[in-house]
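Visitor: Residue numbers (the working numbering), protein chains in the order written: chain V, 1 to 136; chain E, 1001 to 1523; chain G, 2001 to 2492.
Where a beta carbon is used, it is the ideal one built from N, C-alpha and C, also for glycine.
Pasting in a structure now, in structure tokens, and then I'll have a few things to ask.
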Amino acid sequence: MLMGLFNNWIVVVLMMIGLYIVIAHGNLIKKIVGLAIFQTSVFIFYISLAKIDGGTAPILSDNYTLYSNPLPHVLILTAIVVGIATTALGLALVVRIKEAYDSIEEEDIQRQDNLPQDNQVQDSQLLTKNETENKA
Amino acid sequence: MNLSLELMLQLTIIIPFLATLAIVATGHKPNLREGVTITACLVLIYLVVNLYQGLLLGNSISVFWWELLPGLSISFDIEPLGMLFALIASFLWLITTFYAIGYMRSHAEKNQTRFYLCFAIAISAVMGIAFSANLFTLFIFYEVLTLSTYPLVTHAGTEKAKKGGRIYLGILLSTSIVFLLLAITSTWFVAGTLEFNLGGIFSEDVDKTVAGVLLVLFIFGIGKAAIMPFHRWLPAAMVAPTPVSALLHAVAVVKAGVFTILKVCVFIFGIDLLAVLPTTQFLLYLAGASVLLASFIAMRQDNLKARLAYSTVSQLGYITIGALLATSSGVIGSSMHIATHAFGKITLFFCAGAILVSLHKSKISEMRGIGKQMPLTMIAFFIGSLSIIGVPPTGGTWSKWFLMMGTIETEQWVLMMILMLSSLLNIAYLLPIPFHAFFPNLSLNKALKKALNSTSSKETNATSNNATEQVAPSGMTLTKSQIKEAPLPSLIAIGVTTLGCLVIFIYPQPLYELATAVLTGGK
Amino acid sequence: MIAHLPVLQVIVPLMAAPICLLLKRAQLVWLFSLITSGLAFLISILLLQQVMATGVISYELGGWQAPWGIEYRIDKLNAFLLLIISAISTIVLFAAQTSIEKEIPKSKHTLFYVLYLLSLTGMLGIVATGDAFNVFVFLEISSLSAYALIALGKDRRALWAAYQYLIMGTIGATFILIGIGLMYQMTGTLNMVDLSQRLPEVAQTRTVFAAFGFVIVGVCLKLALFPLHLWLPNSYAYAPSIVTAFFAATATKVAVYLLIRFTFSVFGVSFSFTTIPLQTLFMALGLVGIFVASTAAIYQKNIKLLFAYSSIAQIGYMIVGFSMATVTGLTATLLHMFNHALMKSAIFLALAAIVYRLGNVQLSSFHGLGRQMPLTMAAIVIGGLSLIGVPLTVGFVSKWYLLMAIIEQGWWPVAVLILLGSLLAVIYVWRIVEVAYFKEPLANQTPVKEAPLFFLIPIWILIIANIYFGIDTRLSVQVAQSAAMTLFGVTP
Chain V
1 MLMGLFNNWI VVVLMMIGLY IVIAHGNLIK KIVGLAIFQT SVFIFYISLA
51 KIDGGTAPIL SDNYTLYSNP LPHVLILTAI VVGIATTALG LALVVRIKEA
101 YDSIEEEDIQ RQDNLPQDNQ VQDSQLLTKN ETENKA
Chain E
1001 MNLSLELMLQ LTIIIPFLAT LAIVATGHKP NLREGVTITA CLVLIYLVVN
1051 LYQGLLLGNS ISVFWWELLP GLSISFDIEP LGMLFALIAS FLWLITTFYA
1101 IGYMRSHAEK NQTRFYLCFA IAISAVMGIA FSANLFTLFI FYEVLTLSTY
1151 PLVTHAGTEK AKKGGRIYLG ILLSTSIVFL LLAITSTWFV AGTLEFNLGG
1201 IFSEDVDKTV AGVLLVLFIF GIGKAAIMPF HRWLPAAMVA PTPVSALLHA
1251 VAVVKAGVFT ILKVCVFIFG IDLLAVLPTT QFLLYLAGAS VLLASFIAMR
1301 QDNLKARLAY STVSQLGYIT IGALLATSSG VIGSSMHIAT HAFGKITLFF
1351 CAGAILVSLH KSKISEMRGI GKQMPLTMIA FFIGSLSIIG VPPTGGTWSK
1401 WFLMMGTIET EQWVLMMILM LSSLLNIAYL LPIPFHAFFP NLSLNKALKK
1451 ALNSTSSKET NATSNNATEQ VAPSGMTLTK SQIKEAPLPS LIAIGVTTLG
1501 CLVIFIYPQP LYELATAVLT GGK
Chain G
2001 MIAHLPVLQV IVPLMAAPIC LLLKRAQLVW LFSLITSGLA FLISILLLQQ
2051 VMATGVISYE LGGWQAPWGI EYRIDKLNAF LLLIISAIST IVLFAAQTSI
2101 EKEIPKSKHT LFYVLYLLSL TGMLGIVATG DAFNVFVFLE ISSLSAYALI
2151 ALGKDRRALW AAYQYLIMGT IGATFILIGI GLMYQMTGTL NMVDLSQRLP
2201 EVAQTRTVFA AFGFVIVGVC LKLALFPLHL WLPNSYAYAP SIVTAFFAAT
2251 ATKVAVYLLI RFTFSVFGVS FSFTTIPLQT LFMALGLVGI FVASTAAIYQ
2301 KNIKLLFAYS SIAQIGYMIV GFSMATVTGL TATLLHMFNH ALMKSAIFLA
2351 LAAIVYRLGN VQLSSFHGLG RQMPLTMAAI VIGGLSLIGV PLTVGFVSKW
2401 YLLMAIIEQG WWPVAVLILL GSLLAVIYVW RIVEVAYFKE PLANQTPVKE
2451 APLFFLIPIW ILIIANIYFG IDTRLSVQVA QSAAMTLFGV TP
């Protein structure tokens, strides 16, 4: 039982590690890394569920009767592309955030948002107070 | 002109609405703008009177406009009660417009175009309410009325006006959304229709508890009827200019409230069902409490408009009681009271406005001796008061008579006592005003004083103390000032409504016939 | 041509996006995007007509047969959604060029339209497709472009909001992906119709339960259901105004559509609502969401933030209707999707116009705005009345159906709560009205003019639609009702 679902266990562990990093770490880059691990675990899940013991690649030939399901593999190619796009966009955002806030630590950024801003109108203090409430 | 009655019916709603466009277009020329309003009033009265004659001839007049949701339509139908309401509202709109011309100009109010504009929309909504053929249509116009009168209440644009407007809109919208809408949807669900139908729309075997709860929801939901505890909006709305208080908060808005209650009682529940519902008695006592409490509060008000507002709350309770009594005399009394109270109360409000414009006084304690300066106004005030109290020779006599009869028929002795007591209280808070105006140095006559309860006598003492200080200055002004009545258009308006109070007493026949026809469907 | 409409609906904006890059000049790109979006709108009208007349349209992408190839399946539900999305997109785009002039640096104008069209493509794709995995792909297309669009906001907090949205959105999308994977594991198919036929056989397995859980949580993240709504307020508040107007009206609707599609079509009513206590859960979350978000809205000083919270509350109404699992309830939800799109796009466009003139939407800058920008403020007031649910506006129609659905079930306390919820809307709308109409303009405030026509025309088109569909309810009610009936398998 335990070994039979070996691949699933790995997926779950990776998934939890990824999610934990996203939630627990304040560094924006690390969050993206966590997100990537989380996504990768799902890719592994898809790939492994298509694998059949002793199966080969799906080649249309009379010599091979047992082959792995190609569809999930194809799907996950798409998902990997999506994952890369997400990571790239996330990292690009982090660069912009670094430029704007001069920091990539979540706490730092939130603290800066709470400070009254020069270019905002007078009640920005109240505004940011509300924001922190939202975030909290 | 040869218009069909159906077309006329629609025009009563469309004409005031179209008038708004003309009012906006002529906004920069006050004379023309007021001309437009008056023309619209006259056309409206012409239409309503024609419809009235049509109704008397036994025509059934109904119009279907639009099906909003499957089974729920905007449609109109004329029956005697709505006719009564429309007649009063359209006639008093004309009078009030005359009054407003004098008042608004001599008071130099700002944004007069917006004022006349909202006024016209409000009247259009009132016509919609009066002629609506189903609860759904009524609800739509009910909300239009609330929203269109909001700018009128907050007309002054001051902090106080804003606060008043907030209470006004807050109470009227919340009650209508939370209770009334819930009641309407539930009724639709239980009865399967919302068409007004003499004798009610609920089937015989309807669950009495459910119907009872619905009745409570309706009475609470119709916040415009100002039944306690949802009456606070009416005094709050008194920040509005006096013509608004006069027409809308003595006639159109509050009467739309009690009119809706009457409609619901007679045409949704039907008086037979109403009489057996478990919650009717509770609501009767609630309305009774509203009558009494409001009278007591009225006595303690020094601001004349606030006193009149609480007096209105109390009088609205009468109408609600009449409707809930579920007898023919109750319904007749209520219907007549809509008319008689309208004439009486609008006269009083006109007078209050006239005093404000001419003498810049709004406190009752400052009004001693003003009878010398404004004799006509104060005589009108006296007659208006008599009508509210219900003493001959004024119209109020009849409606109070039928309401009393209703309580006696149903053996509601407690309510009868409440009504009697309240009439006495009316005397206590209304009559001293004209009395002191004419006889500033006399204290009220002993016999009358005994009739009052302790609270009010304290107040009379207080006012008489004030009076001793006031006699001197007012005496001085008297020497140089002669008569200083309100502007002529306003004075004419006061005269007409006062006359109305008297005419209804002498010639109540048409009113009585309409009121009795309510329960027979005009046949 | 007509036969290819379902795919054209998605392909047209998709192809138009890269062409924008070639056109370069911002004005030209704007015109081109507007035409593209208008074309999509036209296609959606044709599709809806066709669906109402002949029933479901099934389109096999590339000619591959249905369970194996990707199928685009247009029924009444998604034809209705396609119409909402493309219509709002077109109307909003009309004001786009004027609005972004002040909010987005000139060099990024072309890119803005590219992203906008991609986002539109994504949403149309999610709705049009009948393939579960395809949903994920389009979801990511629309989300990725949405993150970038939000990050274009003037305020630096837009970046932070976009980043948060990216993290939450990706987690949500990945959850959906896991759910789809689990379903595939059990049934070996990705086609929704096929799934709905095969799932019942294995319904009692833990894998299907897990799949359901993952999909629902993922979708709820996307639709900002309380308590998964934390990404929404800041994203809406700091995104460029035009983006907010577009997303507020469409993005969450698409997520609600997914929720309906998965629970009703894929898993089936009996599984979603009988086997799993979705009803109680969603009812509770919806109600709490209405109250928490409406209360939060009352305390906001930034009006965009205020209406963002109001959007979360409105989603609560849709969820309550949905949780009833009756035809009337679902009709109410669908109607509210349509109606809410109309009100919110109108309100946010009006706010965009105010940003254009004032540079911000702080409540304190609204002083005296009722006189300075009468038409724009009137639009906000009417939109607000519609939010409250005053008769003769669209808000009333959906509220009426929602109430009917609740009363049908006999849940009186819920009915009262719903109505109390709309009182909260009265409070937050009226706070704006009082400031705009009763406060004199501040001394240091430079007087502003009425918004330019490029704003007024789309705003008032939407406002008139708000009133028109509040009076003539035939189209919206008929479509919503028959879509709901189809989902329940009742023949209308």
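Here's the rule I'm using: 16 or more other beta-carbon atoms within 10 Å means buried, otherwise exposed. How should L2442 (chain G) be labelled?
Guide: Exposed.
Visitor: Confirm, please, whether the CB-CB distance from A1252 (chain E) to A1122 (chain E) is below 8 angstroms.
Guide: Contact flag set, yes.
Visitor: Can you check whether the CB of M1374 (chain E) is closer than 8 angstroms to the CB of A1354 (chain E)?
Guide: Result yes, Cβ atoms of A1354 (chain E) and M1374 (chain E) sit closer than 8 angstroms.
Visitor: Does any residue of chain G bring its CB to less than 8 angstroms from the CB of A79 (chain V)?
Guide: Closer than 8 angstroms to some Cβ of chain G, the Cβ of A79 (chain V) qualifies, so yes.
Visitor: Check each candidate in E:F1076, E:Y1099, E:L1273 and E:G1495 and name the one with the smallest Cα separation from V1244 (chain E).
Guide: Cα-wise, what sits closest to V1244 (chain E) is E:Y1099.
Visitor: Can you list, in chain order, the residues of the stretch 2275-2303 of chain G whose Cβ is nearer than 7 angstroms to any Cβ on chain E?
Guide: Residues: none.
Visitor: Do A2151 (chain G) and R111 (chain V) have their CB atoms nearer than 8 angstroms?
Guide: For A2151 (chain G) and R111 (chain V), no; Cβs fall outside 8 angstroms.
Visitor: Starting from R2073 (chain G), follow its DSSP beta bridges and name the residues at the other end.
Guide: DSSP output for R2073 (chain G) lists G:S2058 as bridge partner(s).
Visitor: From S1090 (chain E) to W2400 (chain G), what does the alpha carbon distance come to, in whole angstroms?
Guide: If you take the alpha carbons of S1090 (chain E) and W2400 (chain G), they lie about 32 angstroms apart.
Visitor: Roughly how far, in whole angstroms, is the beta-carbon of L2351 (chain G) from the beta-carbon of Y2428 (chain G), given that I think they are within contact range, below 8 angstroms?
Guide: In fact, because the Cβ distance is near 14 angstroms, the residues do not count as touching under 8 angstroms.
Visitor: Looking at chain E, is there any beta carbon in it that lies within less than 8 angstroms of the beta carbon of L2417 (chain G)?
Guide: No, L2417 (chain G) lies away from the interface with chain E (no Cβ there is under 8 angstroms from its Cβ).
Visitor: Could you give the uninterrupted runs of the alpha helix (DSSP H) lying entirely in the stretch 1181-1237 of chain E, keeping only those of 4 residues or more?
Guide: The qualifying runs are 1181-1191, 1208-1221 and 1233-1236.
Visitor: Quick one: which chain G residues come within Cβ less than 8 angstroms of I1189 (chain E)?
Guide: As written in the sequence, residue 1189 (chain E) is Phe, which differs from the Ile given in the question. Going along chain G in sequence order, the residues near F1189 (chain E) (Cβ under 8 angstroms) are M2404, I2407 and E2408.
Visitor: Determine, for E1143 (chain E), whether the minimum Cβ-Cβ distance to residues of chain G falls below 8 angstroms.
Guide: Closer than 8 angstroms: yes.
Visitor: Just verifying my parser: in three-state terms, what is the DSSP assignment at F2488 (chain G)?
Guide: Three-state DSSP puts F2488 (chain G) in coil, outside helix and strand.
Visitor: Strictly under 8 angstroms for the Cβ-Cβ distance: is K980 (chain E) near chain G by that measure?
Guide: Here chain E covers residues 1001 to 1523 and nothing more, so residue 980 (chain E) does not appear.
Visitor: Quick one, which residues of the stretch 2419-2431 of chain G are near chain E if we go by CB-CB under 9 angstroms, in chain order?
Guide: Those would be L2419, L2420, S2422, L2423, V2426, I2427 and W2430, in chain order.
Visitor: Closer than 8 angstroms is the cut-off here; do at least three beta carbon pairs connect the stretch 13-29 of chain V with the stretch 63-78 of chain V?
Guide: The answer is no - the stretch 63-78 of chain V does not touch the stretch 13-29 of chain V, with fewer than three Cβ pairs under 8 angstroms.
Visitor: In chain order, what residues of the same chain have a beta carbon less than 7 angstroms from the beta carbon of L2335 (chain G), not counting five sequence neighbours either side?
Guide: V2397, S2398, Y2401, S2476, V2477 and A2480.
Visitor: Tell me, please, whether the CB atom of T1173 (chain E) is closer than 8 angstroms to any CB atom in chain G?
Guide: Here residue 1173 (chain E) is Leu; the residue named in the question, Thr, does not match the sequence. L1173 (chain E) counts as touching chain G.
Visitor: Counting pairs of beta carbons, one from the stretch 1233-1242 of chain E and one from the stretch 1305-1320 of chain E, are three or more of them closer than 8 angstroms?
Guide: Yes, since at least three Cβ pairs between the stretch 1233-1242 of chain E and the stretch 1305-1320 of chain E fall closer than 8 angstroms, the two stretches touch.
Visitor: Quick one: any contact between the stretch 2063-2079 of chain G and the stretch 2124-2135 of chain G, if contact means 3 or more CB pairs under 8 angstroms?
Guide: Contact holds: three or more Cβ-Cβ distances are below 8 angstroms.
Visitor: Reducing DSSP to helix, strand and coil, say where N1303 (chain E) ends up.
Guide: Strand at N1303 (chain E).
Visitor: Would you call the CB atoms of L1217 (chain E) and L1277 (chain E) closer than 8 angstroms?
Guide: Contact: no.
Visitor: Alpha carbon to alpha carbon, how far is I2171 (chain G) from T2331 (chain G)?
Guide: So the two alpha carbons sit approximately 30 angstroms from each other.
Visitor: Does P2391 (chain G) get closer than 8 angstroms to chain E when you measure Cβ to Cβ?
Guide: Yes, because at least one Cβ of chain E sits closer than 8 angstroms to the Cβ of P2391 (chain G).
Visitor: What in chain G is Cβ-close to G1128 (chain E), meaning under 9 angstroms?
Guide: The contacting residues do not exist; G1128 (chain E) stays about 11 angstroms from chain G at best.
Visitor: Check whether the Cβ atoms of L2375 (chain G) and V2266 (chain G) lie closer than 8 angstroms to each other.
Guide: No, they are not a contact pair.
Visitor: So which residues of chain A does Q2185 (chain G) contact, with C-beta pairs closer than 7 angstroms?
Guide: Among the protein chains in the structure shown, which are V, E and G, there is no chain A.
Visitor: For A92 (chain V), count neighbouring C-beta atoms within 10 Å of its own C-beta (all shown protein chains included) and say buried if the count is 16 or more, exposed if not.
Guide: By the neighbour-count rule (16 or more Cβ atoms within 10 Å), A92 (chain V) is not buried but exposed.
Visitor: Hey, could you find the ends of the beta strand (DSSP E) V1063 (chain E) is sitting in?
Guide: Where V1063 (chain E) is concerned, the enclosing beta strand (DSSP E) stretches over S1062 to L1069.
Visitor: So, for F2366 (chain G): in the same chain, excluding its five sequence neighbours on each side, which residues have a beta-carbon less than 6 angstroms away from its beta-carbon?
Guide: Answer for F2366 (chain G): V2435 and A2436, listed in chain order.
Visitor: To the nearest angstrom, report how far apart I1201 (chain E) and S1075 (chain E) are at their CA atoms.
Guide: If you take the alpha carbons of I1201 (chain E) and S1075 (chain E), they lie about 17 angstroms apart.
Visitor: What does the alpha-carbon distance come out to for the pair V1048 (chain E) and G1128 (chain E)?
Guide: Roughly 13 angstroms between the two C-alpha positions.
Visitor: In its own chain, which residues sit with a C-beta less than 6 angstroms from the C-beta of A1380 (chain E), not counting the 5 before and 5 after it?
Guide: T1347, C1351, I1494 and T1498.
Visitor: Using the three-state DSSP reduction, which class does F2267 (chain G) fall into: helix, strand or coil?
Guide: Correct three-state label for F2267 (chain G): coil.
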